Amino acid sequence: MNATPGFVSLRGVTKRFGELEVLRNVDLDVAEHNVVCLIGASGSGKSTLLRCINLLEQVDEGTIVVDGQEVTNGTVDVNALRRKIGIVFQAYNLFPHMTVLQNVMLAPRKVRSLSREVARGTAMELLQRIGLADKAHEFPDRLSGGQQQRVAIARALAMNPKLLLLDEITSALDPQLVAEVLNLVRSLTDVGMTMIIATHEMSFAREVADMICFLDAGVIWEQGPPAEILTAPREARTREFLARVLEGGRM
Amino acid sequence: MHQILHLFADPFAFRQVLPDVWSGFLINVHMMLIAEALVLALALLIAVVRGLPGPAAKPLRALAIVYTDFFRGTPLIIVAYAFIIGIPGLRYAGISGYSNEVYGIAALTVVYTAYVTEVYRAGIESVHGSQRMAARSLGLNYGQALRYVVLPQAIRRVVPPLLNDFIGLQKDTAIIGAIGVIEAGAQANNYASEYFNFTGFLVAAVLFIYLTIPLARFTDHLIRERELRERAAMV
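These protein sequence lines are chains A and B, in that order.
Count along the first sequence from 1, then add 970; that gives the number in our numbering.
Count along the second sequence from 1, then add 7; that gives the number in our numbering.
As structure tokens, then:
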């Protein structure tokens, strides 16, 4: 742990949508090979924070550095940056007109300019690893939500990202499909993938996170090891939030 | 009644006029095929230009809007007159020396490109933004996301309305005939003036319908297939 501190580093990040401040003066450091979980209610700014890191959103103030490169100064090559940052969305966003295999192969072929054979080999290996090699030639709408989300993860992994952003990837899934997706994410922590995960799955966060950040109204109120944040939070807001989650039976 | 049948559907006249109308009809089909190919390509280009982001592309977007507004609003027959009578009248060496058929195809192309641009644009806009976002997140640039993710989905969705426009285009090739291309309608008209018998129009109509009905049924089939697929995807 903490081999390269500040692999991702946010300083004073503020993001507004019109009048609304969705992120306020956010500081965050993620070391290489670490997993950070963002928790907080819907609308607390978790997704926006992730989307600022791969420049799907422009920050209004502050700086974000990824892998030693400042991404917020306006001169960064957006496409080059996104090559090393994978993101997986709540709604999977697979390409419905392509087969599973084509979904996974597209970016390696077109962005990394790999040959068809090499891209196909890597993609099949990945599909093997996520247990969906037999679905390679199916279209996404033939797959369950959990399977689709695993393909979306494979599609991101096919670019060999140095950082993976997971945006509530189990929130749209039926409860019985959540485990297969979380198991896949768990296996990524084993190989040392650096990840920032926005999630409502508290027990999962407790298990995989090196650090948990609690967000509310665009502010990171506290961050620390899971045991500390989830068991003995200092902030009243965090306690309230966790109490509500407990009531909802998601603990 | 007998008089009407004799004038519009006389069996003898039918056989007599068929070869001429048929040879004219081949010109309709010829114009239609070339115009459709040109329309498909040009309209896609203009639809893409209209969707270009950023302030730098503003003049291009404006040009595309002016083009579609102008030619969608102008009746085909006026554009056809302008091309078939007007351009040769200019006596410019480069563009004034072609056959009426070429000008007719050009008129059909510019007018239908305006319609089809809107069809493509509707298709492009119907692809959810999250698709483009997912593509861009993988590192694909704007053009790649458009080429590999947005356009294939957009075009698939607009195939039925595209085919509908092409049925219109097929029929409108006869408007070119009214101005100076001896296609099916004009052949029927020649026959009518010579023999005072209008059966040629029936022949032409039947030929057009023969061409349109399969296309119409094919369009229906595609729409039904899509509905089934979408219903299957929901369960």
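Glycine is no exception: its CB is placed at the ideal position from the N, C-alpha and C atoms.
Since we're looking at a predicted model, the values are computed, not measured.
Contacts between residue 1077 of chain A and chain B, judged by CB atoms closer than 7 Å, involve 145, 146 and 147 in chain order. According to the DSSP secondary-structure assignment, residue 1039 of chain A is paired through a beta bridge with A:1036. By the CB criterion at 8 Å, residue 50 of chain B and residue 124 of chain B fall inside the cutoff.
The C-beta separation of residue 993 of chain A from residue 1115 of chain A comes to about 29 Å, leaving the pair out of contact by the 8 Å criterion. Contact between residue 1052 of chain A and residue 145 of chain B holds, with the beta-carbon distance rounding to 7 Å and staying under 8 Å. Going by beta carbons, residue 1108 of chain A and residue 1070 of chain A fall inside the 8 Å limit. Among the CB atoms of chain B, one or more fall inside 8 Å of the CB of residue 1052 of chain A. Look at residue 1059 of chain A here: in three-state DSSP terms it is coil, with no helix or strand label. Annotation: Cβ neighbours of residue 159 of chain B in chain A (cutoff 7 Å, chain order): 1067.
For residue 234 of chain B against residue 32 of chain B, the beta-carbon gap comes to about 34 Å, at or over 8 Å, which does not count as contact. As DSSP reads the structure, residue 987 of chain A sits in a beta bridge with A:990. DSSP lists A:1133 as the beta-bridge partner residues of residue 1164 of chain A. Here the C-alpha atom of residue 1076 of chain A lies approximately 51 Å from the C-alpha atom of residue 187 of chain B. Around residue 176 of chain B, the same chain offers 39, 42, 43, 46, 115 and 119 as residues with beta carbons nearer than 8 Å, after the five sequence neighbours per side are excluded.
A direct Cα-to-Cα measurement between residue 1032 of chain A and residue 982 of chain A gives close to 5 Å. Beta-bridge annotation (DSSP): residue 1192 of chain A is paired with A:1184. Counting only runs of at least 3 residues, the segment 107 to 133 of chain B fully encloses no beta strand (DSSP E) element at all. Along the segment 1126 to 1139 of chain A, the positions whose C-beta sits under 7 Å from a C-beta of chain B are 1129, read in chain order. For residue 978 of chain A, the three-state secondary structure derived from DSSP is strand. Residue-level contact by beta carbon fails for residue 166 of chain B and chain A, as no gap is shorter than 8 Å. Look at residue 163 of chain B: its C-beta is under 8 Å from a C-beta on chain A.
Leaving aside the five residues that flank residue 121 of chain B on each side, the residues in its chain whose CB is nearer than 7 Å to its CB run, in chain order, 74, 75, 78 and 79.
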